[in-house]
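Residue numbering for the sequence shown follows the working numbering, beginning at 1 and increasing consecutively.
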Amino acid sequence: MIYLPKSNIESGTWIKTKGVIKLNKPVLLVGLPGVGSVGKLVVEHLKNEFNANKFAILYSNHLPHRTIMLKSGGLRMASIRFYHIKPKKKGMSDIVLLTGDDQPITPEGQHEVNLKLVDFFKNELGGKYIYTIGGYAPAEPITGTPKVFGNATDKKVINSFKGSKVLFGKTKGMIWGSAGMIVVLGKMRGIPGICLMGETAIMDLDAAAAKSVLAVLSERLEIPINTDSLDKIINKTAKALKEIEQQMSMSLQMPPQDASHGGKPDSSLSYIR
């Protein structure tokens, strides 16, 4: 039995909890706002699919200074929230989901908040493994089903993904924010982990990239995941992009008319609609 400590609102970053929770070798899945909203889409989908139970909330003065307006007409603070998915099979690991409204907006905030999250997962929940989820925008155009790239804490984790669709050593540059920080801080605390990144074109909501990551997680965690709701978003996005392409094509083929020039096109004017 694990006792969750009470919140300390006087500190800059604190976690408000709901009583007592018992977990078996929990794994953490982190999906916060980021590139293509891939991580947030994945974790929100899992939360809804499995009717996950919220049991802890992190508040911090390092999160953006804004409040969320509710449908009821009320308000709440921006936060990062923990949810629990109880495994259906005995002996399997409990799944802890982590998502929220924002990420910390300063380097100092990123270090403080992410360390707080990692320490809470390890010390209070007995955490054993970390998955963070994000998006990765490659230099070349995306063709076909979005790929899933991985960066892990050690070779043992990488080797455990042999035979999967996760690609290692194909990414360049840096991982900004919690997706990278939580994995690295987890390693410093002795928790193995991996950052899974869906290939994205940096859309606001890249459901196709999220679906590719969910396929990997479904196999890895041995849980079936229905992605019909994501398919609807994918179809709507494809339709919207096609309409935009058609409008741009028509705009380029039809030079604008200017009444001050007798209805003749003015070559000095250029419009993008």
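Heads up, the beta-carbon is just placed ideally off N, CA and C, and yes, glycines get one too.
Residue burial classification, residue i (beta-carbon count within 10 angstroms, cutoff 16)
i: Val-20; result: exposed
i: His-65; result: exposed
i: Pro-146; result: buried
i: Ile-2; result: Low confidence applies to Ile-2: its pLDDT is 47, below 50, so where it sits in the model is not reliable, and the reading given next is rough at best. With fewer than 16 other Cβ atoms within 10 Å, it is exposed.
i: Pro-5; result: Low per-residue confidence applies at Pro-5: pLDDT is 48, beneath 50, and the placement is therefore not dependable, though the value from the model is reported in the following sentence. Exposed is the call here.
i: Ser-229; result: exposed
i: Gly-177; result: buried
i: Leu-41; result: buried
i: Lys-22; result: exposed
i: Lys-236; result: exposed
i: Leu-97; result: buried
i: Lys-128; result: buried
i: Ser-268; result: Summary for Ser-268: the model assigns pLDDT 42, below 50, so the residue's position carries little reliability; its value from the coordinates is reported in the next sentence. By the neighbour-count rule (16 or more Cβ atoms within 10 Å), Ser-268 is not buried but exposed.
i: Lys-122; result: buried
i: Thr-106; result: exposed
i: Leu-46; result: buried
Whether residue i touches residue j by CB criterion (8 angstroms)
i: Thr-132; j: His-62; result: no
i: Pro-26; j: Gly-126; result: yes
i: Ile-182; j: Val-30; result: yes
i: Ile-57; j: Lys-16; result: yes
i: Ala-208; j: Ile-234; result: yes
i: Leu-196; j: Val-184; result: no
i: Gly-193; j: Ala-210; result: no
i: Gly-135; j: Gly-34; result: yes
i: Phe-161; j: Gly-173; result: no
i: Ile-95; j: Ile-85; result: yes
i: Glu-49; j: Asn-226; result: yes
i: Ile-130; j: Leu-28; result: yes
i: Val-113; j: Val-166; result: no
i: Ile-175; j: Phe-168; result: no
i: Ser-164; j: Gly-109; result: no
i: Gln-103; j: Leu-205; result: no
Residue span of the beta strand (DSSP E) that contains residue i, given as start and end
i: Ile-133; result: 129–136
i: His-84; result: 80–85
i: Leu-32; result: Unbroken run through Leu-32: none, as it is neither H nor E.
i: Ser-60; result: 53–60
i: Gly-193; result: 193–199
i: Leu-75; result: 75–77
i: Lys-16; result: 13–17
For this session: May I ask you to verify whether the region 139–152 touches the region 86–99, counting CB pairs closer than 8 angstroms and requiring at least 3?
Result: Touching, no, given that fewer than three Cβ pairs across the two stretches are closer than 8 angstroms.
Exercise. Do the region 184–202 and the region 113–124 make contact, defined as three or more Cβ pairs closer than 8 angstroms?
Worked result: Short answer: they touch.
Problem set entry | Cβ contact (3+ pairs, closer than 8 angstroms) linking the region 152–161 and the region 41–57 | Contact check between the region 152–161 and the region 41–57: fewer than three CB pairs, one atom from each, fall below 8 angstroms, which does not count as touching.
For this session: Write down every uninterrupted run of the beta strand (DSSP E) in the region 90–118 whose length is 3 residues or greater and which is fully enclosed by it, in chain order.
Result: Uninterrupted beta strand (DSSP E) stretches at least 3 residues long and entirely within the region 90–118 occur at 95–100, given in chain order.
For this session: Identify every run of the beta strand (DSSP E) within the region 137–181, keeping only runs that are complete inside it and at least 3 residues long; order them along the chain.
Result: Along the length of the region 137–181, whole beta strand (DSSP E) runs at least 3 residues long occupy 148–152 and 166–168, reported in chain order.
Exercise. Where are the alpha helix (DSSP H) runs, 4 residues long or more, that stay fully inside the region 205–234, in chain order?
Worked result: Runs found: 207–221.
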